[in-house]
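Last residue of the sequence shown: 497 (my numbering), numbering continuous.
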Amino acid sequence: MLAGKVAVRPGQLYSLPRTQLTQRQFANLDMFRFNPVTYRTVDADGVADSTDTGLLDAVVTATPAPKFQESTEFGGTYVSNLVGPFVNVRFKTRNPFGGAEVLELSARVGFEGQYNRATAESEYTTLFGATAALVLPQFLVPFRISRDFSRYSPRTRFSLSDTYVSRPEYTRTNVELTYDYIWQRSAFHQFVVSPVVQNVVNTTSISAAFQQRLDTLRIRDGSPLYQSFRQIYEPSMAASSLYNSNDFNETRDARYFRLFVEVGGLTRDVYRHAAWYDPAVAVYNFAKLTADYRRYHKLSPNTFLAYRFNGGIVHALTPTDGRYTVAYDKYVFAGGSNSVRAWKPRRLGIGGFSPTTINDAGNVVRDYNSEQPGELLLEGSVEYRFPVYSFVKGALFTDYGNTWTITADPQRPGAQFKPGTFLQQFAVGSGVGVRLDFTFLILRLDVAAKVYDPSAPATERWAIKRFYKDSEHEPAFNLGIGYPF
């Protein structure tokens with residue numbers, strides 16, 4: 013198997029691309045600590061001769077990596093008063109079955125807390141997750157693959173994960189099984205095809221107050237949020253293409269483009285009318301497409317202009333229970349530390365529709381706390397990054413975007429995407445950021461303010477005029493690890 017990873021062959025002319033390909037294929041195996049390819053001249057009787065034919069011996073020095081590897085990661089986030097520390101533990105075993113496989117077991121524990129001013133109490137969310145993944149250094153298929161395809165570092169990955177989430181409103185579990193084919197077209201370009209993606213989502217408990225809230229949103233606003241808390245089976249298949257010429261330390265002029273497509277529920281008519289099928293289990297069929305483009309312009313050795321365009325669309329292929337709806341986690345969302353940073357995570361939208369709720373005094377007020385799922389997402393960011401002092405770097409940024417429905421919804425006027433009005437429905441937020449660049453770790457604090465809110469009343473859409481006048485127009489603090497894009 014290792015011989016097939018060596019692209020340098022006897023009798024060939026020296027080739028830098030073949031040398032780099034050999035190094036990349038050995039690195040992708042994740043079996044070796046170092047894998048340099050070096051060359052030495054072939055001398056007659058050990059004596060250098062300037063008239064020789066220039067023959068070279070290629071030497072591949074593959075130093076094995078430790079068979080067992082353990083890593084522990086601690087981190088945290090702070091977004092719009094949500095504090096979220098977490099810990100990840102990973103255990104990796106190399107070559108467990110003697111065929112250069114990699115077996116990885118991981119566990120994650122997260123905690124999120126928020127102080128509720130209205131009730132003077134704290135609300136907590138806990139998350140437990142576990143994943144087992146096995147990566148094989150070739151495609152596992154019932155037919156022969158051309159030897160030439162080995163240059164693309166083909167791999168097969170099996171993954172099984174289970175996630176448990178407990179919140180004051182509900183408790184739920186999510187079990188996911190995936191079967192992936194992975195290959196590299198170049199050092200910067202990777203493809204992943206997942207012919208099997210199986211998800212089972214089960215909500216084990218819902219509080220009475222939250223159930224009442226779900227019913228109100230469904231009846232009054234036509235919100236599909238209640239669909240997320242049924243027992244759901246999600247069979248699908250997916251594919252993605254990722255081109256990324258950037259590096260972790262952002263030291264080069266680069267591009268990033270990720271295209272993702274997913275189709276699910278195509279086989280549901282085969283079994284949902286069978287006698288053994290439980291009608292309480294929802295199965296949705298849908299198609300989803302997302303695209304994410306990023307450009308990093310190096311203006312000087314230490315300054316960059318970075319911008320991003322991100323979009324997505326999802327829609328049901330046929331009705332489920334009389335409605336064109338998809339599983340809640342397949343919708344698109346806007347807002348948060350990697351989106352439009354002036355809005356709370358997943359709370360921006362939808363279109364020009366203004367969601368409302370009834371407060372404790374019985375008055376109708378704007379609803380800033382409910383998630384806003386959409387079928388169409390358009391968003392972008394522009395960010396100027398510059399040095400401040402030593403490892404301290406700064407940023408000035410503007411984000412914009414929104415989500416929409418594809419079809420008209422009488423219960424949510426203004427939510428539908430229309431070519432003539434969508435530009436006026438872009439939400440805009442701006443701010444400043446500070447990044448602590450420790451080379452191996454980048455800590456980020458972004459402070460953003462709402463500039464334009466398309467879902468506000470017409471006289472209040474320039475939200476910057478209400479800066480600090482109420483809690484919803486205070487700056488949003490986003491603390492995270494790494495760059496936002």
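We put the beta carbon where it would ideally sit given N, CA and C, even for glycine.
Treat the numbers as computed from the prediction; the structure is a model and nothing was measured.
Looking at G277 and F298, is the spacing between their C-beta atoms short of 8 Å? Here the question's residue 298 lines up with position 286 in the sequence shown. Here the question's residue 277 lines up with position 265 in the sequence shown. Yes, they are a contact pair.
Between the stretch 364-371 and the stretch 280-297, are three or more C-beta pairs nearer than 8 Å? no
For Q202, report the span of its beta strand (DSSP E) as first-last. What you label residue 202 is simply residue 190 of the sequence shown in a count that begins at 1. First-last of the beta strand (DSSP E) with Q202: 201-218.
Between L41, N256, Q239, which has its C-alpha nearest Y343's C-alpha? If you number the sequence shown from 1, residue 343 lands on position 331. When each option's Cα is compared against that of Y343, the closest is Q239.
Where S217 and S235 are concerned, what is the direct C-alpha to C-alpha distance, given to the nearest angstrom? Here residue 217 refers to the residue found at position 205 of the sequence shown. Here residue 235 refers to the residue found at position 223 of the sequence shown. Cα-Cα distance, rounded: 20 Å.
From F80 to P247, what distance separates their C-alpha atoms? The sequence position of residue 80 within the sequence shown is 68, counting from 1. The sequence position of residue 247 within the sequence shown is 235, counting from 1. Taking the straight line joining both Cα atoms gives about 34 Å.
Are E472 and Y480 closer than 8 Å when you measure CB to CB? The residue given as residue 472 occupies position 460 in the sequence shown. The residue given as residue 480 occupies position 468 in the sequence shown. Their beta carbons are not under 8 Å apart, which means E472 does not touch Y480 by this criterion.
Using beta-carbon positions only, say whether V20 and A70 come within less than 8 Å of one another. Your numbering for residue 20 matches position 8 in the sequence shown. Your numbering for residue 70 matches position 58 in the sequence shown. Contact: yes.
Between Y255 and F269, which are expected to be in contact by the criterion C-beta below 8 Å, what is the C-beta distance as a whole number of angstroms? Locating residue 255 in the sequence shown gives position 243, where the first residue counts as 1. Locating residue 269 in the sequence shown gives position 257, where the first residue counts as 1. Confirmed, about 5 Å.
Buried or exposed for R359, going by 16 or more other Cβ atoms inside 10 Å? Sequence index remark: in the sequence shown, residue 359 carries index 347 (1-based). Flag for R359 reads buried.
Where does G16 fall in DSSP's three states? Numbered from its first residue, the sequence shown carries residue 16 at position 4. Helix.
I231: buried (16+ other C-beta within 10 angstroms of its C-beta) or exposed? Position 219 of the sequence shown, counted from the first residue, corresponds to residue 231. Result: exposed.
Meets three-Cβ-pair contact criterion under 8 Å: the stretch 435-455 and the stretch 408-418: yes
Are the beta-carbon atoms belonging to Q196 and S165 less than 8 Å from one another? Along the sequence shown, one-based indexing puts residue 196 at 184. Along the sequence shown, one-based indexing puts residue 165 at 153. In contact: Q196 and S165 (Cβ atoms closer than 8 Å).
Nearest-angstrom beta carbon gap, D174 and T185 [assumed within contact, 8 Å]: If you number the sequence shown from 1, residue 185 lands on position 173. If you number the sequence shown from 1, residue 174 lands on position 162. Correct: roughly 7 Å between the Cβ atoms.
Do you know offhand how far R163's Cα is from M249's? On the sequence shown, position 151 is the one that residue 163 refers to. On the sequence shown, position 237 is the one that residue 249 refers to. Whole-angstrom Cα-Cα distance: 26 Å.
Which two residues bound the contiguous beta strand (DSSP E) that contains P247? In the sequence shown, the residue the question calls residue 247 occupies position 235. Its beta strand (DSSP E) spans residues 243-256.
Contacts around R45, its chain only, beta-carbon distance under 6 Å, and the 5 residues preceding and following it disregarded: For the purposes of this step, residue 45 is taken as the residue at position 33 of the sequence shown. Excluding sequence neighbours, R45 sits near T75, A77.
Pairing CB atoms from the stretch 318-336 with CB atoms from the stretch 381-395, are three or more of them under 8 Å? yes
Taking the beta strand (DSSP E) that L457 falls in, what are its first and last residues? Position 445 of the sequence shown, counted from the start, is the residue given in the question as residue 457. Looking at the DSSP string, the run of the beta strand (DSSP E) that includes L457 is 454-464.
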